[in-house]
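**Q** Here it is, the structure in full.
Protein chains in written order, with this note's numbering: chain A, 1216 to 1405; chain B, 1216 to 1405.
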C-alpha cells in the first residue's frame, strides 16, 4: 500500500534497537482518513474470502480491525490480554511470549463469540516475530474456526515472523513490509 | 439513541452486582453496522462544536472513538494505562481509581499529540462513577486543551458519575442512560 509506505517515510521515527515509532498516525494518535483507507485496502484483499469475523488483540490493533470489519460488513472481535494464566471454561486461551517486554501473557477470547463456523481474518498493527499472530491462530484453532489469513499494517520482515507464518501455509498480507531499517533508513520489500 | 436501548434490551445480560454485559455487540465482539451508527450519532451531537481530536482510554473505548472520529473527520487519540506511576516528561499523566477492580492505575498521553489548541471530545464505552472520564478531563487540562464534552455509549446513572460531571459544567451525551437495573430489568432515563 503506497500510502502506508509514504506515511512511514514521512512520519515514522526510527529509534535504536529496531524500533519504529508510528504513534503520530497508527497506534496512539490515529489518522482517521488513513484508517478508513486501510480498512478499504484490507477489505479489497480479503473481500472474496468469505470472512465472517475479524479478530485482533487489544489494544493497538482494535482501530484497524474495526475499520476493516466495517468495510467487510462483519463483526469485529478482540482477544484480551491477561497477566495471569487463570482462566475459566468460558474462554479459549493461549500463552504469548512478548519479545519486546521479555514476559509471557495469556490471551483469551470468549467461546460465545469465536465459533466453529467462523472464517476469521486476523488483524494487527505490527507483525515482527509473529508471537501475537500465532496466538490468534491458536485461539481460532481451539474454536474450530477457519483462518482465512492475516492483514497487518506494518510487517518487520527482518524479524522473520511473517515469512515463517507464510511458510506454514497462512496467508499474510501486510500493507507495508520493511526489509531493513539499517542506518536509520527504511527499506521496503518489492 | 433508540437503537442502543434496543440492543441493551435484546442482547445485554444483567449479572449480580449491577454488572451489564454487552460483550456481544459493544466491548468484546463489536457489531460494526451498529458501530458506524454510533459514530454517526456522536458526530451529529458534536458536529458543530469545532472538535479537533477525539480522546479515549484503551482498550474498549477505542473502536467507538475511532468510529466517531472517522465521522467527524478528525484524528483519534488514546491514553494508555500503566500499572506503575513511573512516567517520563514526554507525557501528561494522572492516576485513576478503578472502583471495579479496587486498584489505581496511571493513564498517560503523549505531549506530542494532545495540544493546547485542541478542542477535545472524550469518548468511552461506559460511564459509571466517572473516574476514567475525570482522568481524561485532567489530561486535557494539563495539555491546555479545551474539552467540548463527552460522548458515552452507556451511562449507568445510578452510579452518579455522569450527573456529577454535568453539575461540574461538562457536557455529557450518553447514547443510553440507565436509571436502574433493579430486579434484572433495565430502566432508561426519559
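Note that CB positions come from ideal geometry on N, CA and C, so glycine has one too.
For residue 1273 (chain A), which of helix, strand or coil comes out of DSSP?
**A** In the first chain, residue 1273 (chain A) corresponds to position 58, counting from 1. Three-state DSSP puts residue 1273 (chain A) in coil, outside helix and strand.
**Q** Could you check if residue 1310 (chain B) is buried or exposed, using at least 16 other CB atoms within 10 Å of its CB as the buried criterion?
**A** As a first step, residue 1310 (chain B) must be located in the second chain, where it is residue number 95. Burial call: exposed.
**Q** Taking only beta carbons into account, state which residues of the stretch 1249–1268 of chain A come closer than 7 Å to chain B, listed in chain order.
**A** Residues 1250 and 1251.
**Q** Whose C-alpha, out of B:1291, B:1277 and B:1376, is nearest the C-alpha of residue 1314 (chain B)?
**A** The sequence position of residue 1314 (chain B) within the second chain is 99, counting from 1. If we check each option's Cα against that of residue 1314 (chain B), B:1376 comes out closest.
**Q** Could you pull the DSSP bridge partners for residue 1333 (chain A) from this structure?
**A** Taking the first chain and counting its residues from 1, the one referred to as residue 1333 (chain A) is at position 118. Residue 1333 (chain A) pairs with nothing; no bridge assigned.
**Q** What are the boundary residues of the beta strand (DSSP E) that residue 1319 (chain A) is part of?
**A** Counted from its first residue, the first chain places residue 1319 (chain A) at position 104. Start and end: 1318–1325.
**Q** Taking 6 Å as the limit between beta carbons, can you name the residues of its chain near residue 1364 (chain B), skipping five residues before and five after?
**A** Here residue 1364 (chain B) is taken as the residue at index 149 of the second chain, counted from 1. Closer than 6 Å at Cβ, skipping near neighbours: 1386.
**Q** Use the C-beta contact count for residue 1355 (chain B): other C-beta atoms within 10 angstroms, 16 or more gives buried, fewer gives exposed.
**A** The count along the second chain starts at 1 and reaches residue 1355 (chain B) at position 140. Burial call: buried.
**Q** Starting from residue 1355 (chain A), follow the alpha helix (DSSP H) in both directions and report where the run begins and ends.
**A** Stepping through the first chain from its first residue, residue 1355 (chain A) is reached at position 140. Element bounds for residue 1355 (chain A): 1346–1358.
**Q** Give me, in chain order, the residues of the same chain whose beta-carbon lies closer than 8 Å to that of residue 1233 (chain B); leave out the 5 immediate sequence neighbours on both sides.
**A** For the purposes of this step, residue 1233 (chain B) is identified with residue 18 of the second chain, where counting begins at 1. Correct list, in chain order: 1371, 1373, 1374 and 1396.
**Q** Within the 8 Å Cβ cut-off, does residue 1247 (chain A) reach chain B?
**A** Locating residue 1247 (chain A) in the first chain gives position 32, counting from the first residue. Answer yes: the Cβ-Cβ gap between residue 1247 (chain A) and chain B drops below 8 Å somewhere.
**Q** Would you check if there are 3 or more beta carbon pairs closer than 8 Å linking the stretch 1285–1298 of chain B to the stretch 1238–1255 of chain A?
**A** At 8 Å Cβ cutoff, the stretches touch.
**Q** Quick one: give me the first and last residue of the alpha helix (DSSP H) that residue 1364 (chain B) is part of.
**A** By one-based count along the second chain, residue 1364 (chain B) stands at place 149. Segment 1361–1371 is the beta strand (DSSP E) holding residue 1364 (chain B); no alpha helix (DSSP H) there.
**Q** Bridge partners of residue 1237 (chain B), per DSSP?
**A** Within the second chain, residue 1237 (chain B) is the residue found at index 22, counting from 1. According to DSSP, residue 1237 (chain B) bridges with nothing at all.
**Q** For residue 1294 (chain A), which three-state DSSP category applies?
**A** Position 79 of the first chain, counting from 1, holds the residue named residue 1294 (chain A). Residue 1294 (chain A): strand per DSSP, three-state reduction.
**Q** How is residue 1307 (chain A) classed by DSSP in three states: helix, strand or coil?
**A** Along the first chain, one-based indexing puts residue 1307 (chain A) at 92. Of the three classes helix, strand and coil, the one that applies to residue 1307 (chain A) here is strand, per DSSP.
**Q** Could you pull out every residue in the same chain whose Cβ sits closer than 6 Å to the Cβ of residue 1280 (chain A), ignoring the five residues on either side in sequence?
**A** The residue given as residue 1280 (chain A) occupies position 65 in the first chain. Taken in chain order, the residues that qualify are 1269, 1271, 1291 and 1338.
**Q** Hey, does residue 1320 (chain B) have any beta-carbon neighbour from chain A nearer than 8 Å?
**A** Start at 1 with the first residue of the second chain, and residue 1320 (chain B) comes out as number 105. By this cut-off, residue 1320 (chain B) is not an interface position.
**Q** Check each residue of the stretch 1323–1351 of chain B: if its Cβ is closer than 9 Å to any Cβ of chain A, include it; give the result in chain order.
**A** Flagged, chain order: 1324, 1325, 1327, 1328 and 1329.
**Q** Within the same chain, show all residues whose beta-carbon is closer than 8 Å to that of residue 1253 (chain A), passing over the 5 residues directly before and after it, in chain order.
**A** The sequence position of residue 1253 (chain A) within the first chain is 38, counting from 1. Cβ neighbours of residue 1253 (chain A) beyond the five flanking positions: 1216, 1219, 1279, 1282, 1283, 1368 and 1390.
**Q** Using 8 Å as the limit for Cβ to Cβ distance, is residue 1357 (chain A) near chain B?
**A** As a first step, residue 1357 (chain A) must be located in the first chain, where it is residue number 142. It does not: the Cβ of residue 1357 (chain A) has no partner Cβ on chain B nearer than 8 Å.
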